[in-house]
């Protein structure tokens, strides 16, 4: 007997095959007559200056860092939430402590200006 | 003989569900254009077939026959792959959502879901996170400044709004006590979870608007400043894949909302007990209601400025989701 994970595996294969099938069919049917002007990088009527693969602002990176901290928090909270009916009040107090520490973290990031978009 | 049916049933089920999602996504493009037009006192598409219902088909044929243009500065392999990743990730998300009860078909018990995982909700969160890869890689590999900006915005907003989304889901888990989506639907036999979690529903709905880059949070693809953002360099079928990925994502997200907050196929039980297919119809009706909400929001709200949008997530929505979770936990402990 196959388990549910196998069914999902089959579904994943079909789902991945589908877009690439569409790309393949289009590749067979469509015309292809490139010329340098057509394949130029899009810009508003001008020639592009330089690559787009350059350094960009660090704010995105800071958001990613804070995100990792709080996402790991969510991972810790899921098992707690599932077992919540069984573990009772003591676990509730512990989670409040945990959330309290994280709130301090958020307040710290807030005060440091990490959440401000200049 | 038996392993043959064991093998073919999941394959057929997978193909049927993928096709249904595809048609759903395609018709969502039609539905949105039609509804948006009505909101603005226009007609919308009405040339291809009665009420323009053949419009998605015409669009698909057009996209397939469009000329292939691969700009010469792109990172070619990633550039070609990204729309596919985007679309596949959306389809895969649907795998754990139950869209009906178990039915008797040709003497076999067939559950109307792909897989009944114990960790269904975690699966949803994990795969929903994959969707951002398609957008980020596509925007980065295009080697276009607009695309890069769009991709960066998309990443920042998708990871930011994943946090309130996860916290809203945690409140659901605290109430239902399980991650299995079938159990969560069973839990809602009496009352849908939106009754206990109105705030959770609201937070979750706002978060999925941001996750699927929908107006008023469509900052990665703002037409007037970024010229479609991460999709700028995409044309033909590749653009069509991105486009349908977005609309299929709306359908899948609506299915998630319907399952988690609106009682899935089960509520109200009086109706879903009539016939197995009544449950499916109920589920579809709820999905359509949420999809209408999507379009309604788009037709009503102007786009939010990016810094305000990020501030709203981190300084308002996340603390709110925290408080919602804490209050839910306390109330469950008291009862």
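Protein chains in written order, with my numbering: chain S, 11 to 128; chain Y, 132 to 466. Built from N, CA and C at the ideal position, the CB exists for glycine as well. Since the structure is predicted, the reported quantities are computational estimates derived from the model, not experimental observations.
Neighbouring residues, chain Y, relative to residue i (Cβ below 9 angstroms)
i, result
"residue 40 (chain S)", "195, 196, 197, 198, 199, 367, 368"
"residue 122 (chain S)", "In chain order: nothing, as chain Y lies at least about 13 angstroms away."
"residue 99 (chain S)", "464"
Interface partners of residue i on chain S, CB under 8 angstroms
i, result
"residue 309 (chain Y)", "92"
"residue 389 (chain Y)", "Ordered by position in chain S, no residue passes the 8 angstroms Cβ test against residue 389 (chain Y), which lies about 19 angstroms from the chain."
"residue 294 (chain Y)", "77, 80, 81, 84"
"residue 160 (chain Y)", "Residues of chain S passing the Cβ test: none, with the nearest at roughly 15 angstroms."
"residue 141 (chain Y)", "12, 16, 17, 20, 21"
"residue 453 (chain Y)", "109, 113"
"residue 146 (chain Y)", "24"
"residue 253 (chain Y)", "88"
"residue 428 (chain Y)", "Those do not exist, as residue 428 (chain Y) stays about 23 angstroms from chain S at its closest Cβ, beyond 8 angstroms."
"residue 457 (chain Y)", "106, 109"
"residue 305 (chain Y)", "91, 94"
Chain S residues whose Cβ lies nearer than 9 angstroms to that of residue i
i, result
"residue 314 (chain Y)", "Neighbours of residue 314 (chain Y) on chain S: none; closest Cβ ~10 angstroms, over 9 angstroms."
"residue 247 (chain Y)", "14, 17"
"residue 286 (chain Y)", "70, 73, 74"
"residue 383 (chain Y)", "Within chain S, no residue comes near residue 383 (chain Y); the closest Cβ sits about 11 angstroms away, beyond 9 angstroms."
"residue 267 (chain Y)", "Residues of chain S passing the Cβ test: none, with the nearest at roughly 11 angstroms."
"residue 223 (chain Y)", "18, 21, 22, 25, 26"
Buried or exposed by the 16-neighbour rule on C-beta atoms within 10 Å, applied to residue i
i, result
"residue 64 (chain S)", "exposed"
"residue 204 (chain Y)", "buried"
"residue 61 (chain S)", "exposed"
"residue 390 (chain Y)", "buried"
"residue 104 (chain S)", "exposed"
"residue 45 (chain S)", "exposed"
"residue 43 (chain S)", "exposed"
"residue 85 (chain S)", "exposed"
"residue 107 (chain S)", "exposed"
"residue 100 (chain S)", "exposed"
"residue 196 (chain Y)", "exposed"
"residue 280 (chain Y)", "buried"
"residue 386 (chain Y)", "buried"
"residue 267 (chain Y)", "buried"
"residue 111 (chain S)", "exposed"
"residue 322 (chain Y)", "exposed"
"residue 274 (chain Y)", "buried"
"residue 154 (chain Y)", "exposed"
"residue 71 (chain S)", "exposed"
"residue 404 (chain Y)", "exposed"
"residue 327 (chain Y)", "buried"
"residue 138 (chain Y)", "exposed"
Presumed contact (8 angstroms Cβ cut-off) between residue i and residue j, rounded CB distance
i, j, result
"residue 248 (chain Y)", "residue 300 (chain Y)", "Actually they are not in contact, since the Cβ atoms of residue 248 (chain Y) and residue 300 (chain Y) sit about 15 angstroms apart, beyond 8 angstroms."
"residue 398 (chain Y)", "residue 319 (chain Y)", "5 angstroms"
"residue 370 (chain Y)", "residue 362 (chain Y)", "6 angstroms"
"residue 51 (chain S)", "residue 202 (chain Y)", "6 angstroms"
"residue 303 (chain Y)", "residue 331 (chain Y)", "6 angstroms"
"residue 20 (chain S)", "residue 141 (chain Y)", "5 angstroms"
"residue 463 (chain Y)", "residue 94 (chain S)", "7 angstroms"
"residue 360 (chain Y)", "residue 270 (chain Y)", "7 angstroms"
"residue 288 (chain Y)", "residue 348 (chain Y)", "7 angstroms"
"residue 210 (chain Y)", "residue 187 (chain Y)", "In fact, because the Cβ distance is near 25 angstroms, the residues do not count as touching under 8 angstroms."
"residue 343 (chain Y)", "residue 364 (chain Y)", "In fact, because the Cβ distance is near 21 angstroms, the residues do not count as touching under 8 angstroms."
Amino acids of chain S, ordered along the chain, whose beta-carbon sits closer than 7 angstroms to that of residue i
i, result
"residue 297 (chain Y)", "84"
"residue 215 (chain Y)", "29, 30, 33"
"residue 218 (chain Y)", "29"
"residue 445 (chain Y)", "125"
"residue 372 (chain Y)", "29, 32"
"residue 386 (chain Y)", "What residue 386 (chain Y) touches in chain S: nothing, since even the nearest Cβ is about 14 angstroms away."
"residue 283 (chain Y)", "66, 70"
Contacts of residue i in chain Y (Cβ-Cβ under 8 angstroms)
i, result
"residue 52 (chain S)", "202, 275, 277, 358, 363, 364"
"residue 102 (chain S)", "460, 461, 464"
Proximal chain Y residues relative to residue i, where beta-carbon distance stays under 7 angstroms
i, result
"residue 74 (chain S)", "290"
"residue 63 (chain S)", "274"
"residue 107 (chain S)", "Result: empty, since nearest Cβ-Cβ is about 12 angstroms, beyond 7 angstroms."
Are at least three pairs of beta-carbons, each pair with one atom in the segment 219–231 of chain Y and one in the segment 23–38 of chain S, less than 8 angstroms apart?
-> yes
Does the segment 330–349 of chain Y come close enough to the segment 292–309 of chain Y that 3 or more CB-CB pairs lie under 8 angstroms?
-> yes
Taking 8 angstroms as the threshold, find out whether the segment 161–173 of chain Y comes into contact with the segment 421–428 of chain Y through three or more Cβ pairs.
-> yes
In the segment 382–409 of chain Y, which residue ranges form an unbroken alpha helix (DSSP H) of at least 4 residues, counting only runs that do not cross its ends?
-> 400–403
Tell me, please, whether the segment 448–464 of chain Y touches the segment 409–418 of chain Y by the rule of three or more beta-carbon pairs shorter than 8 angstroms.
-> no
May I have a chain-ordered list of the alpha helix (DSSP H) segments no shorter than 4 residues that lie completely inside the segment 274–317 of chain Y?
-> 276–307
Which residues, in chain order, does the segment 18–38 of chain S contribute to contact with chain A at a C-beta distance below 9 angstroms?
-> Absent here is chain A; the protein component of the structure consists of chains S and Y.
Mind listing, in chain order, the continuous alpha helix (DSSP H) runs of no fewer than 4 residues lying wholly within the segment 318–379 of chain Y?
-> 329–342, 354–357
How do the segment 207–218 of chain Y and the segment 262–277 of chain Y stand: do at least 3 beta-carbon pairs fall below 8 angstroms, yes or no?
-> yes
Contact between the segment 231–245 of chain Y and the segment 402–415 of chain Y (3+ Cβ pairs under 8 angstroms) | yes
Three or more beta-carbon pairs under 8 angstroms between the segment 174–188 of chain Y and the segment 436–446 of chain Y, yes or no?
-> no
Secondary structure, beta strand (DSSP E): runs of 3+ residues fully inside the segment 205–237 of chain Y | 233–236
Alpha helix (DSSP H) runs wholly inside the segment 57–93 of chain S, at least 4 long, in chain order = 69–92
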